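Peer 1: Heads up: the sequence shown begins at 68 in the working numbering, then just goes up one per residue.
Cβ coordinates follow ideal geometry from the N, Cα and C atoms, glycine included.
Because the structure is a prediction, the values reported are computed rather than measured.
What follows is a structure written as structure tokens; I'll ask about it next.
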Amino acid sequence: MTRRGPLAVVVAAALAMTAVAGAVSAGAATPREDKHAASCSRLAPGTQQVSVPFRGASYEVRVHVPAQRAHRVPLVLDLHGSGADGAAQAAISGLDAVADENGFVVVEPTAAIALNGGWAWNVPGVPTTAGQLPPADARDDVGFLRAVITRVGAAVCADDRRVYATGYSGGGRMASALACRLADRLAAVATVAGLRAGRPSPQDTSVPDVADCAPSRPVPVLEFHGDADYTNPYLGSTDLRWGYTVPVAVQTWARLDGCGVGPVTEQVSEHVTRYAYARCDGRADVQLYRVAGGGHTWPGTSVDQSGNGTVTHEIDASRLMWAFFADHPRR
């Protein structure tokens with residue numbers, strides 16, 4: 068063992084401190100940061116199943132992780148329509164490819180109420196498309212999806228300020244319910260053929276039940292809807308599952324978000340018009356893309372949805388919603 072004098076010890080310590088400072092200034096993680104990164108980046112790139120425990124049961128959830136991502140990554144919940152599942156929704160939305168291009172994680176859980184060979188969400192206070200209220204022991208999907216955000220978010224180092232939800236049809240209604248009830252977790256919501264602002268009033272289905280949607284903060288909202296949609300009609304229905312019109316849903320969100328301007332109308336393409344509300348509290352913009360002649364379909368999808376009406380390819384809902392999300396972190 069070599070003995071060193073006091074001066075040599077001081078010099079060595081100074082050099083060591085300089086090296087550490089240089090590493091930190093160059094972006095190197097401290098041991099504490101390394102440990103945190105290892106604990107919340109354990110999911111490899113690609114598509115996989117993540118087990119989410121919830122109230123004594125465990126559910127497998129489809130998760131797609133991009134190859135290139137920041138340490139704190141955005142997370143998008145993508146909710147399927149009634150009678151489908153997470154894998155079917157992944158095909159319809161095509162969000163895996165958009166995630167790979169933009170570095171966010173996509174999560175496609177599956178509902179738990181059996182319906183037509185698939186599954187339906189337990190949207191609070193409304194029947195499923197089968198026309199019946201969910202059974203009393205149905206999974207609480209607001210609570211379950213909160214657990215999904217927590218579990219998957221911890222596994223991928225999700226940025227808490229950039230957690231979003233989208234959904235198609237029944238999944239859009241479920242995402243709308245999350246906007247009302249999980250505004251503390253979600254930065255913004257974008258829906259396709261499914262926007263609601265609370266359940267229809269049981270006394271008058273042409274208006275929302277105002278007590279059913281009281282978000283804790285303004286939530287930016289985006290909707291895509293065909294005006295020839297016969298499943299969730301643009302001009303509404305008397306069905307307690309759907310009820311009031313799409314314009315009423317959009318106007319209600321504009322009111323909830325304190326928007327001061329709008330709607331401003333823009334002709335985006337031959338058959339697509341955008342209606343935008345702005346100067347909203349917390350920059351919580353509200354927008355609607357109306358597709359003239361569009362069916363109960365996802366704009367831009369590569370999946371054959373012709374059985375549900377016309378599919379427009381004049382716009383790409385998945386890329387437009389990601390641009391909307393990217394512009395609206397939680398404030």
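#1: Just curious, the beta strand (DSSP E) that THR258 is in, first and last residue?
#2: Mind checking LEU144: buried by the 16 CB within 10 Å criterion, or exposed?
#3: Going by C-alpha distance, which of GLU333, GLY349, VAL339 is nearest GLY360?
#4: Starting from the C-beta of ASP152, find all residues in its chain whose C-beta is less than 7 Å away, skip the five residues before and the five after it, and write them out in chain order.
#5: Under 8 Å by Cβ, that's how I've got TYR356 and VAL335 pegged, so tell me the actual separation to the nearest angstrom.
#6: Please check the pair HIS147 and TYR235, which I expect to be a contact at CB under 8 Å, by giving their CB distance rounded to whole angstroms.
#7: Spatial neighbours of GLU127 within its chain, please: C-beta separation below 7 Å, excluding the five flanking residues on both sides.
#8: Starting from the Cα of SER149, find the closest Cα among GLY261, ALA214, GLY210, ARG229 and give me that residue.
#9: Is it buried or exposed, ASP276, if we count other Cβ atoms within 10 angstroms and call 16 or more buried?
#10: CA-CA distance, ARG248 and HIS395?
#11: Looking only at its chain, what residues have a beta carbon closer than 7 Å to the beta carbon of PRO194, apart from the 5 residues adjacent to it on each side?
#12: What does the Cβ neighbour count give for THR27, buried or exposed, with the cut at 16 atoms within 10 Å?
#13: Rounded to a whole number of angstroms, what is the C-alpha to C-alpha distance between VAL20 and ARG109?
Peer 2: Let me lay it out:
#1: In the DSSP assignment, THR258 falls within the beta strand (DSSP E) that extends over 255-259.
#2: buried
#3: Comparing Cα-Cα distances from GLY360 to each of GLU333, GLY349, VAL339, the minimum goes to VAL339.
#4: THR177, GLY185, TRP186
#5: Indeed they touch by this definition, with Cβ atoms about 7 Å apart.
#6: In this structure, HIS147 and TYR235 form a Cβ contact; the two beta carbons are roughly 7 Å apart against a cut-off of 8 Å.
#7: GLN116, SER118
#8: Out of GLY261, ALA214, GLY210, ARG229, GLY261 has the C-alpha closest to the C-alpha of SER149.
#9: buried
#10: 18 Å
#11: LEU200, LEU307, ARG308
#12: Residue numbering for the chain in the displayed model covers 68 to 398; residue 27 lies beyond these limits and cannot be assessed.
#13: Any property of residue 20 remains undetermined from this structure, which presents the chain solely from 68 to 398.
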